[in-house]
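Residue numbers (my numbering), protein chains in the order written: chain A, 1 to 756; chain B, 757 to 1018; chain C, 1019 to 1104; chain D, 1105 to 1190.
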Amino acid sequence: MSKKFNIDTVANAEATPGQALPWAELGLKQNEYDRVVEILGRRPTGAELAMYSVMWSEHCSYKSSKVHLRQFGDKVTDAMKEHLLVGIGENAGVVDIGDGWAVTFKVESHNHPSFVEPYQGAATGVGGIVRDIISMGARPVAVMDPLRFGAIDHPDTARLVHGIVAGIGGYGNSLGLPNIGGEVVFDSSYQGNPLVNALAVGVLRHEDIRLANASGVGNRVVLFGARTGGDGIGGASVLASESFDDAKPSKRPAVQVGDPFAEKVLIECCLELFKASVVEGIQDLGAAGISCATSELASNGDGGMHVELTKVLLRDPTLTPGEILMSESQERMMAVVTPANAAAFEAIMDKWNVEYSWLGEVTDTGRLVIEWDGETIVDVDPRTVAHDGPVYERPYHRPAWLDGVQADSFQGSSPDLRAAVLELMSSPNMCSKDWVTNQFDRYVQGNTALAMPDDAGVIRVDEATGLGVALSTDANGRYSYLNPYEGARLALAEAYRNVATSGAKPLAVTDCLNFGSPEDPEVMWQFAESVRGLADACQELGVPVTGGNVSLYNQTGGVAIHPTPVVGVLGVFDDVARRTPSGWREDGQAIYLLGTTRDELDGSEWANLRGHLGGTPPVVDLAAEKTLAAVLVNSSRDGMIDAAHDLSEGGLAAALSEAALRFGVGARIGIDELCERDGIDPFTALFSESQGRAIVSVPRSEEVRFNDMCTARNYPTLRIGVVDTENSALDVQGHFTLPLDELKEAHEGTLPRHFA
Amino acid sequence: MSVETPLIGDFQPFPSASAEGSLAGVRVGVVTFPGTLDDRDAMRAVRLAGGTAISLWHGDHDLRGVDAVIIPGGFSYGDYLRAGAISRFAPLMEQITAAATGGPGALPVLGICNGFQVLTEAHLLPGSMIKNNSLHFLCRDQRLRVENADTLWTSDYAAGEEIVVPLKNQDGQFVADERTLDELEGEGRVVFRYVRENPNGSRRDIAGISNAAGNVVGLMPHPEHAVEPGFGPDSSARGEVDLRGGTDGLGIFTSVLKKLVG
Amino acid sequence: MPRIVVDVMPKPEILDPQGKAIAGALPRLGLTGFAGVRQGKRFELEVAGEVTPELLEQARSAASTLLSNPVIEDVTRVEVIQEDAE
Amino acid sequence: MPRIVVDVMPKPEILDPQGKAIAGALPRLGLTGFAGVRQGKRFELEVAGEVTPELLEQARSAASTLLSNPVIEDVTRVEVIQEDAE
Ligand SMILES: Nc1ncnc2c1ncn2[C@@H]1O[C@H](COP(=O)(O)OP(=O)(O)O)[C@@H](O)[C@H]1O
Ligand SMILES: [Mg+2]
């Protein structure tokens, strides 16, 4: 039984061309609305208007970013495609990791919802990205969470930190997905606009890849999972008042509430569907809900679909057709099933107690036709909804203020080094993130070979061989603020280096581009430069972008966040038993510093602690990064190193401190030779953030072999110390000694002090 | 209907950790409820200990002839209402309850984390779990003392031996009235105790208990995540620093296998 | 639609960590007048037709078997509410 | 000791996963008479002395700031209870 609405049918639209529609309230521009009318050759119905308006939104259509994002495809060489099974454009990219195994991974943002309702916003962010992974036919195996908050001591920060961290954990832990890494950064530029990015990775056999398309005329279309409610359509209630007949619509929820239990059941249920081969194509429902799922499935398949919308199971019976099409209720999936498999499909739904409803079927008409109670309310070419959205070449220009900022290089007087290291390691960005990461399950599934606080998360894929993957996500908004082109390249370089530091060979990239308003030409320039930088850098390193997400309008008032291109790199291991931890363990091992240290303090954590942001970020040399990665991966594979930690934010001071604290094992370090070789002072040696560097610990028996390898590759190497298990301290000889207890207390006290 | 928890690749056969082939004849059932998470991990642990793991589905009415049952961790039914409250009413729980309370030779049952919560809700074990004192989910490597090494699930340990296994939960604070607590202590039914630090406020540092007959044991920390070198905690109570090398939890699984063979 | 309300509170002798946390937070908001806080649960069971005695019996049974755990909680109320107001 | 009771329920239009799970479980216990379940919270604020109007105001303020999340929940009651019974 369907509610009686005074619905706007196609026939009615044809009969009443002059009827005014609330397109502006739904976010369409005049030219966009005119284009819809032109495509249809008539005014849209209310339901069609709903579909076009959500699908043509910035979020779904990438209308401002599309012209730039093309570079990710255009700059991919054939060699880079070698491991790509599914590239950009699908729900998530799929990468071949050998032995018939593949992985799929992607990072997405849930920034705005998390500011409004931190717990649910973050939770549903995890839920959404995990459904993307499921829809490729994969079993999700891990999540990560790059986060950005405002200043640590701002009165609103605790609310966001508590809610967001609990939400990430509440959802991910309940799904049984180990959290294997992420970021926590505090910076006042994110005050009114925290960033909540969530990454998920899944595993599948090559033959199990599922693409979201509706093909096979006569195949049936089914919606399953949670019921459809009024979630996420707050602004669209203008439609409700248009078409509602007898009663006032109930209130539409301002936020979405996640049900991780329902999603966990959905995961198992989908995997059983895949295993039993009873679905042809499958599509997750995220933003734009049924509008998105039907139009994308149809346009990626045989081109036609017929749907009876009254069949949708509702949580709120007052929803109008347009609202049903736009609803963003969580934990739903849509599938295409052959008639012969329908009974098997239903049996699996019943086993897992999942609700479903058969909505319609695949046709060859080239039209997406949606009926309500037998009357046609949508009749469109699905491609025009899903793929032919507006594309903008937004104007952009380099900000005039940038010259001034770049000229303002950091001028610090040399501080007391011991105090400076303690200050750095207890600072909000460099302190231990245990208070956060202890709220996440890193053990579940039993395949986590490396996780926080090591450089990358490592997951075993194949229990028989040890085949596995490593992942790291990185971004530095300050670097990107100083130079967005270089900033994006630096983000990739760091993630790539982190993966290689763990011992994995980097293979592929995902990214989440968090920026301010594209309508601001200076922000648009930051965006364009970042994409150009990332695409160039991917080409130079030979790792393709397989998918990602763009989040624009991250600003409060007129002030945008620092440009924050979060980059995730995936690497592969033949055997995860070879992974390298970041901390020292064995007494007497030699500690080497790889790479060259320059005077590069602009944009650094140390400058940040002094309230300075100016100059130019560290130089990126991707050829050097490639060599460094090869050194790290080979020495891990050949058993030449026992520990490795890359140098990034906080430089050598941070890397040494973290390597010592990892297992509570100290070292004796000498930096004088380094200072002499690189022509720098001890302060620069410790706090500069020059790229292309890592520290490794080498067993005595391997030193010759290790040195030979570095020499052969012509990579700068310097023995800077030895691991010392006897004396529990970080001893930088001639400069200071820091007992590990004192360092640990400084490092671990900060987050509990603010949030516990 | 009984179906294995679906996998993308099926379990890979891997060499049994045990040389005693006879252990492989012991069939240990691992129950999956909707929302169970650590079922595959518990099955892996059984296999690494040398036994044969059998998947059991909550909706079945049949224990498939298993010699012992593990109710694994997770968030069955989302932990909504109370952890374990809804799962307790599953058809399979009736079979388990009947078999576990059947006098001498009763079915050995181990509840881990959510499984422990299910066992208390089902009244197979006394007490209950409330939210951690911190109100947060807490994941960390936890040191425990094996207080009672005479149960079916702990006989491979020495009484007083310490072990390190992962702990991960939100509702892990064990509570019971004073009389029950005294009774548990008096009868030697406190099987595991938190040492060094009580992570959640549990009464008398209790981490795990048994029923009076000793065949049903529940504990909050996760021994099944400390059974395989390379994938366990970073430390072991044996003291060495090793990357994810801790396997102190394996004894729980070898204990029951050996008892059932012996 | 009539509803049956079931209130469940933690037993007085059980320390209630959530209540304790709230009691600790109140003074920080300048709300200093309370001696303690306890947090319990309130369930609303919706009834499609009329509330029969048999249905009320069902609700009582639900309250004591499923909705509460007698080891840590007490059912403090099972009551019919006719309208949207109490 | 007098107490002030605060009831907080999920907004009707908001998904209530807990209520949904309970509603799904009831029929399995043979309790089939309910059309739906919603789970909310019930707080009892203990008052040391007398409940002054000012204290009730404090309770209302606690209810709307700390005890409920106005984005997803409604405060459905703030009321004084004198004795142990309601
Ligand atoms: N929000 C988070 N979730 C999970 N892990 C995190 C989070 N924030 C930081 N971490 C982990 O803490 C460790 C230190 O973080 P970071 O200093 O940013 O690493 P790196 O400099 O190597 O990129 C890493 O292992 C990282 O994955
Ligand atoms: Mg690193």
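Even for Gly, the Cβ is constructed at its ideal location relative to N, Cα and C.
Every value quoted in this text rests on a predicted model; they were computed, and no experiment measured them.
Selection from the options that minimises the alpha carbon distance to residue i
i                : options                               : result
V421 of chain A  : A:S65, A:E90, A:K744 and A:G41        : A:K744
R668 of chain A  : A:Y592, A:N634, A:D434 and A:W606     : A:Y592
S414 of chain A  : A:F687, A:E38 and A:D96               : A:F687
G1001 of chain B : B:I1008, B:E984 and B:V1012           : B:E984
M55 of chain A   : A:E32, A:D96, A:Y553 and A:W606       : A:E32
T556 of chain A  : A:P194, A:K29, A:W23 and A:R70        : A:P194
Q929 of chain B  : B:R960, B:L900 and B:P922             : B:R960
R598 of chain A  : A:A464, A:D681, A:M452 and A:A535     : A:D681
L199 of chain A  : A:R159, A:N111, A:V143 and A:N608     : A:V143
D441 of chain A  : A:C431, A:G457, A:S427 and A:D34      : A:G457
V221 of chain A  : A:V732, A:S357 and A:R489             : A:S357
W372 of chain A  : A:T365, A:D364 and A:L359             : A:L359
L160 of chain A  : A:V509, A:V436 and A:L471             : A:V436
D1034 of chain C : C:R1060, C:T1070, C:R1056 and C:I1099 : C:R1056
Q445 of chain A  : B:R901, B:L819, B:V973 and B:H981     : B:H981
H162 of chain A  : A:Q120, A:A577, A:G749 and A:S636     : A:Q120
D575 of chain A  : A:L211, A:G466 and A:C675             : A:G466
Residue i (DSSP reduced to helix, strand or coil)
i                : result
A226 of chain A  : coil
F789 of chain B  : coil
R43 of chain A   : coil
H562 of chain A  : coil
S269 of chain A  : It is worth fixing the name first, because residue 269 of chain A is Cys in this sequence and not Ser. If DSSP states are grouped into helix, strand and coil, C269 of chain A belongs with the helices.
E1097 of chain C : strand
A643 of chain A  : strand
W358 of chain A  : strand
N31 of chain A   : helix
S237 of chain A  : Note that S237 of chain A scores 45 on pLDDT, short of 50, meaning its location in the model is unreliable; the coordinates nonetheless yield the value given after this. Looking at S237 of chain A - three-state DSSP - the assignment turns out to be helix.
P17 of chain A   : coil
A508 of chain A  : strand
E745 of chain A  : helix
A662 of chain A  : The sequence shown places Arg at residue 662 of chain A, rather than the Ala named in the question. Correct three-state label for R662 of chain A: helix.
W101 of chain A  : strand
Q439 of chain A  : coil
R1060 of chain C : strand
Supposed close pair residue i, residue j - CB separation, criterion 8 Å
i                : j                : result
T596 of chain A  : T501 of chain A  : Between T501 of chain A and T596 of chain A the Cβ distance is about 17 Å, and since that is not below 8 Å, they are no contact.
A491 of chain A  : N514 of chain A  : That belief does not hold up - the Cβ atoms of A491 of chain A and N514 of chain A are roughly 11 Å apart, past 8 Å.
D511 of chain A  : G571 of chain A  : Wrong, their Cβ atoms sit about 16 Å apart, outside the cutoff.
R693 of chain A  : L647 of chain A  : 4 Å
E1072 of chain C : V1026 of chain C : Not quite, the Cβ-Cβ distance comes to about 22 Å (not below 8 Å), so this is no contact.
Y543 of chain A  : F72 of chain A   : According to the sequence as given, residue 543 of chain A is Val; it is not Tyr. Not really, about 11 Å apart at Cβ, beyond 8 Å.
Under 9 Å between C-beta atoms of residue i and residue j
i                : j                : result
E658 of chain A  : E689 of chain A  : no
F261 of chain A  : M333 of chain A  : no
I827 of chain B  : V874 of chain B  : yes
N870 of chain B  : F831 of chain B  : yes
R478 of chain A  : A590 of chain A  : no
V1023 of chain C : L1063 of chain C : yes
G666 of chain A  : S728 of chain A  : yes
F573 of chain A  : A655 of chain A  : no
N1087 of chain C : E877 of chain B  : yes
L880 of chain B  : T853 of chain B  : yes
G974 of chain B  : I919 of chain B  : no
S295 of chain A  : V385 of chain A  : yes
Distance cut-off 8 Å: residue i Cβ against heavy atoms of ligand 4
i               : result
D441 of chain A : In the structure on display, ligand 4 does not appear, and the ligands it does have are ligand 1 and ligand 2.
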